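**Student:** I have a structure here, written as structure tokens, and I will follow up with some questions on it.
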Amino acid sequence: MINRRLKSKLFFTGMLILSIIALLLMFSVQLVLWLKGLPVLLLNGLRILYDIPPLPSSSQPIGGLGPSLIGSLISAGLAMLFASIVSILLAYVSVELQHKRISSVLKLTSTALYGIPTITVSMIVYSTICLHMGRQSILAGALALTIVAIPMEFTYFESIFSSIPLTYKEAGYSMGLSRGQVLKKIVLGIGKAGVVSSLVAVFARIMGETAPMLFTIGNNFSSFAFNLFEPSSTVTTLIFAYAASPYKVQVDFAWGASLVLYIIYMVFSLASKLVKEVEL
Amino acid sequence: MIKRNLSVFDFFVLASILTIFVFLALTGYVLIYHSAEAIKISGISLFSVKWDQYRGIYGLAIPLLGSLVLTMVSLLFVAIFSIPLAILTNEYVRGRFRRVMETFADVSAGLPTVIYAFIGVAFLSNYLRKFVESPLHNFLGFIPLFSCTPFSGANLFTASIVLSIAMTPFTILLIREAYLMIPKIYIDAAYSLGLFKEEVIFLKLSMIKKAIISSLLFSASRVLTETTIVSLVAGGQFLASSCLLSPVITIPALIVNNFGYSNIYYGIDEALYFSALILFLISMTLNILGFILYSRWKKSLVV
Amino acid sequence: MMCVLKAEDFGLWINGVQILKNVDLCIPEHKITVFIGPSGSGKTSMLRSFNRLNELYNDIKIQGDILFKGVSIFDWDPQELRSKIGMVFQTPNPFPHMSIYENVAFPLKIRGIKDKEEVRERVRWALEEASLWEEVKNRLHEYPGILSGGQKQRLSIARAIVTRPEVLLLDEPTSSIDPANTMIIEKSLIGLKKETTIVLVTHSIPQAKRIGEYFALIYHGKLVTEGTYEEVFVKEKNPIIAMMSES
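Residue numbers (our numbering), protein chains in the order written: chain S, 1042 to 1321; chain A, 4 to 306; chain Z, 4 to 250.
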């Protein structure tokens, strides 16, 4: 009995120690981000959102993420537009025809797409779009993000749509609604909370992607590009580039950029959790 | 035999289905086409341990080895961190505090890896080198694992720590899911036999063993294809050594550093496509194994 | 007797299994026709064949034909057909994401009826015919979640009749409803037959006797007998009915 009690206590202690180490590491990472990033944010104020980055010769990391933030928002926004339409339709079909082969084919294809390493997505889009267009562009970056976003959204939507009771869909059909109308007015109507929450969550995730953008969107950190066929950059590629920079001012600025990205990601992720479901 | 007229909706549906098939097919085509070219151009030298772009030798053996070793070491740390934390949140923490931790894990699981990568290179690598790696080398240097001097913090050890910090929340979520699926009747039975809480936990762990391994396999697949952390923190030198404190290079890091220079170095892009194909196949295998294991475990749960 | 719906040697296979065999059936206009028969005999499948709901989620094979107002339902556009035939399901299913008012107004909305006054009048009419108006008239903008099962079913009926369909199909509408609400619903149906033709599936012989005017006994996918009350219950004395009446 004492032996067992002792072993249990040891197990618990060991587990506690390892958990604490893990938590410390995870917290320290985020704590350091705030400690080193906040001064940069405070130094710049709101200009960090619209100004251009500091020159390597600057003494202080005063500047902004403007061009990269625009690049992030446009490419992520476009990707969400394409991916959402495709994913909603595919998830709907997959659930409506769930006993037919097309449903498992769609799920398999989505899983396969999800398994493509994001760096490879970058290579593929580069070799098809960028080489033909002769340059890197926001459009190429958006396309890469679309490929990444579709499997994520498909999985979310598929589970939301399949949890909507059949009887509501049948009521819709029995009134003479077409498949498209049932999707629009019934399925999306009932599932709207889950759909919105998923969209916000996926948007947050693809804003944080780096690898798909590395070869596709370009390295233009200092000038604003609103034309889809122009090269730009994203907040993530900026951090990646500045992290390895020999200029201290750029590394310092990267702390600020990282904190901005962190805040954007956190706000969207937490927002996606605050949804009120439709009572069935 | 019952006719349906095609509508605008049907058109969009078909277009969507076509879109994802095209994406997938295009990916396969590009990878396979260029890999074939790579074999034509570089032949057997693709598998050598030398990388010399001036002479057109693109040996992928070292990056491949680096990828595999880094993944395994990272997975070790991931297991060490995530299993205790998963147990802690499930068994020892209650109420609001637990919900906070769960939300924290959920949200951290998707945190952009470039943030971890940057903090890793700008902060963690120095501290780890000073307080962990140098001492390990100084005191345990006789063990081959710690026999090399950590000149900078950018090495396999640091990279695996950073990777494990990044992957732990995701793994915790997967383990937690499995944990919650254990039928209550088994837990009731265990307690009714007079087992201590820790013994019940041990029992639960053994019941979800397969699920834990499948979670680790899914995380391994993510670690394998991770790009930003390894590029910044792993060192990127073309070395293969048995020492944990030495720099290492992985396939994603190799691609990031060398892609796009085919007009200067003939055949380099093709070799990189080939490496990407290998990476894809390994990561797919890990995902499939994880999925099979998970399905088998789920079936075994049926009361 | 005008047959608003007519099955002619109708056979139905669902996913390879034969559900209905050689059914010749006439649904008389402006009457309440009741399908009776034991569970699994094919009554619901027959009902769902009328508005072609079967083909939505299954592989089906058809033999023979069903005529709606003299024209084969398979020549009708499915959406057109279903907009002229209303259906009430076994489990009440008012849309949870629309208010009570919006639920009843919805079929009008999708037909493009925009005039607010007209919509309001028709919603009120439908709720009155379904015997629900008095109970919800002050709560029209609340959600169906606040209603009881019986009220939800009456709401479903209101939604199904607001467009004044030619036929109203009801699939065991009161089998999960309490007796008080069942009585209210049966009374509404009797009132509705002047507006529309009613086809009701039930496994309750007492209910069939209470409100039915024309009966079809379906057993093992076959139409065993059809006719008026006298023809089916008094003259024939079919053993199946006796067996069902006892349970």
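Each residue gets a CB set at the ideal place from its N, CA and C atoms; glycine is no exception. As the structure is a prediction and not an experimental result, all values here were calculated from the model.
Over the uninterrupted alpha helix (DSSP H) stretch that includes residue 46(Z), give me the two end residues.
**Tutor:** Taken as a continuous stretch (DSSP letters only), the alpha helix (DSSP H) holding residue 46(Z) covers 46–53.
**Student:** For the beta strand (DSSP E) containing residue 230(Z), name the first residue and the last one.
**Tutor:** Residues 225–230.
**Student:** Give me the Cα-Cα distance between residue 25(Z) and residue 244(Z), rounded to the nearest whole angstrom.
**Tutor:** Distance between the alpha carbons of residue 25(Z) and residue 244(Z): 21 angstroms.
**Student:** Quickly, what does DSSP pair residue 38(Z) with across the bridge? List them, please.
**Tutor:** Per DSSP, 204(Z) and 219(Z).
**Student:** Among 132(Z), 215(Z) and 167(Z), which has the Cα closest to the Cα of residue 111(Z)?
**Tutor:** For the residues 132(Z), 215(Z) and 167(Z), the minimum Cα distance to residue 111(Z) belongs to 167(Z).
**Student:** Please report the distance separating the alpha-carbon of residue 290(A) from that of residue 221(A).
**Tutor:** Spanning the two alpha carbons is a distance of roughly 6 angstroms.
**Student:** Along the chain, where does the beta strand (DSSP E) that runs through residue 90(Z) open and close?
**Tutor:** It spans 88–91 - the beta strand (DSSP E) in which residue 90(Z) sits, taken as one unbroken run.
**Student:** From residue 223(A) to residue 1267(S), what distance separates their C-alpha atoms?
**Tutor:** Rounded to the nearest angstrom, the two C-alpha atoms are 38 angstroms apart.
**Student:** Compare the C-alpha of residue 1070(S) against each of 276(A), 87(A) and 127(A) and name the closest.
**Tutor:** It is 127(A) whose Cα lies nearest to the Cα of residue 1070(S).
**Student:** Rounded C-beta distance between residue 232(A) and residue 119(A)? I'm assuming under 8 angstroms.
**Tutor:** Yes, residue 232(A) and residue 119(A) are in contact; Cβ-Cβ is about 6 angstroms, under 8 angstroms.
**Student:** Please name the residue, chosen from 233(Z), 191(Z), 113(Z) and 17(Z), that lies closest to residue 86(Z) on a Cα-to-Cα basis.
**Tutor:** Closest by alpha carbon: 113(Z).
**Student:** Name the residues in the region 1217–1232 of chain S whose C-beta lies less than 8 angstroms from a C-beta of chain Z; which are they?
**Tutor:** From the region 1217–1232 of chain S, only 1217, 1218, 1219, 1222, 1226, 1227, 1230 and 1231 have a Cβ closer than 8 angstroms to chain Z.
**Student:** Pull out every residue of the region 127–145 of chain A whose Cβ sits closer than 8 angstroms to any Cβ of chain S, in chain order.
**Tutor:** If the cut-off is 8 angstroms between Cβ atoms, the region 127–145 of chain A has 127 near chain S.
**Student:** Under 7 angstroms, CB to CB, which of the residues in the region 1194–1206 of chain S have a partner in chain A?
**Tutor:** Cβ contacts with chain A: none found.
**Student:** Interface residues of chain A around residue 1256(S) at Cβ under 8 angstroms?
**Tutor:** Residues of chain A passing the Cβ test: 262 and 263.
**Student:** Using the C-alpha atoms, what's the distance from residue 117(A) back to residue 72(A)?
**Tutor:** Taking the straight line joining both Cα atoms gives about 21 angstroms.
**Student:** Could you check the C-alpha separation between residue 1327(S) and residue 1259(S) for me, to the nearest Å?
**Tutor:** No answer is possible for residue 1327(S): the residues shown for chain S start at 1042 and end at 1321.
**Student:** Where does residue 80(Z) land, buried or exposed, given buried means 16+ other C-beta within 10 angstroms?
**Tutor:** When all chains shown are included, residue 80(Z) counts as exposed.
**Student:** Using the DSSP secondary-structure output, state which residues sit across from residue 64(Z) in a beta bridge.
**Tutor:** Partner(s): 16(Z).
**Student:** Give the residues from the region 279–301 of chain A that approach chain S closer than 7 angstroms (Cβ to any Cβ), ordered along the chain.
**Tutor:** Listed in sequence order: 279, 282, 283, 286, 287 and 290.
**Student:** Contact criterion: CB-CB distance below 8 angstroms. Does residue 182(A) meet it with respect to chain S?
**Tutor:** For residue 182(A), the answer is no, since every Cβ of chain S falls outside 8 angstroms of its Cβ.
**Student:** List, in chain order, every chain S residue whose beta-carbon is nearer than 8 angstroms to that of residue 54(Z).
**Tutor:** The answer, in chain order, is 1215.
**Student:** Which one or two residues does DSSP pair with residue 197(A) in a beta bridge?
**Tutor:** DSSP output for residue 197(A) lists no bridge partner at all.
**Student:** Using a cut-off of 7 angstroms between C-beta atoms, extract the partners of residue 92(Z) located in chain S.
**Tutor:** By Cβ distance, chain S contributes 1208, 1211 and 1212.
**Student:** Is any beta-carbon of chain S found at less than 8 angstroms from that of residue 90(A)?
**Tutor:** Cβ-Cβ to chain S under 8 angstroms: yes for residue 90(A).
**Student:** So which residues of chain S does residue 152(A) contact, with C-beta pairs closer than 8 angstroms?
**Tutor:** Those within 8 angstroms of residue 152(A) in chain S number zero; the least Cβ separation is about 22 angstroms.
**Student:** Give a yes or no on whether the minimum CB-CB distance between residue 116(Z) and chain S is below 8 angstroms.
**Tutor:** No - not a single Cβ of chain S is within 8 angstroms of the one on residue 116(Z).
**Student:** Per DSSP, residue 54(A) forms a beta bridge with which residues?
**Tutor:** DSSP lists 61(A) as partners of residue 54(A).
**Student:** Cβ closer than 9 angstroms: which chain S residues qualify as neighbours of residue 178(Z)?
**Tutor:** Those do not exist, as residue 178(Z) stays about 14 angstroms from chain S at its closest Cβ, beyond 9 angstroms.
**Student:** I want to see whether chain A comes within less than 8 angstroms of residue 1164(S), judged by CB atoms only; does it?
**Tutor:** Judged by the 8 angstroms Cβ criterion, residue 1164(S) is in contact with chain A.
**Student:** Which residues in the same chain have their Cβ closer than 7 angstroms to the Cβ of residue 239(A), if we skip the five residues on either side of it in sequence?
**Tutor:** Answer for residue 239(A): 250, 252, 256 and 260, listed in chain order.
**Student:** Quick one: residues in its chain with C-beta nearer than 8 angstroms to the C-beta of residue 1316(S), no 5 flanking neighbours on either side, listed in chain order?
**Tutor:** The residues are 1234, 1235, 1237 and 1238.
**Student:** In whole angstroms, what separates the C-alpha of residue 1284(S) from that of residue 1313(S)?
**Tutor:** Each residue's alpha carbon lies about 30 angstroms from the other.
**Student:** If you count every other CB in all the chains shown that lies within 10 Å of the CB of residue 312(A), and 16 or more means buried, which is it?
**Tutor:** Given a span of 4 to 306 for chain A in the structure shown, any question on residue 312(A) remains unanswerable.
**Student:** At a Cβ cut of 7 angstroms, what residues of the region 58–69 of chain Z count as close to chain S, listed as they run along the chain?
**Tutor:** Against chain S - using a Cβ distance shorter than 7 angstroms - the residues of the region 58–69 of chain Z are 59.
**Student:** With burial defined as no fewer than 16 other Cβ atoms inside 10 Å of the residue's Cβ, what is the status of residue 1101(S): buried or exposed?
**Tutor:** So residue 1101(S) counts as exposed.
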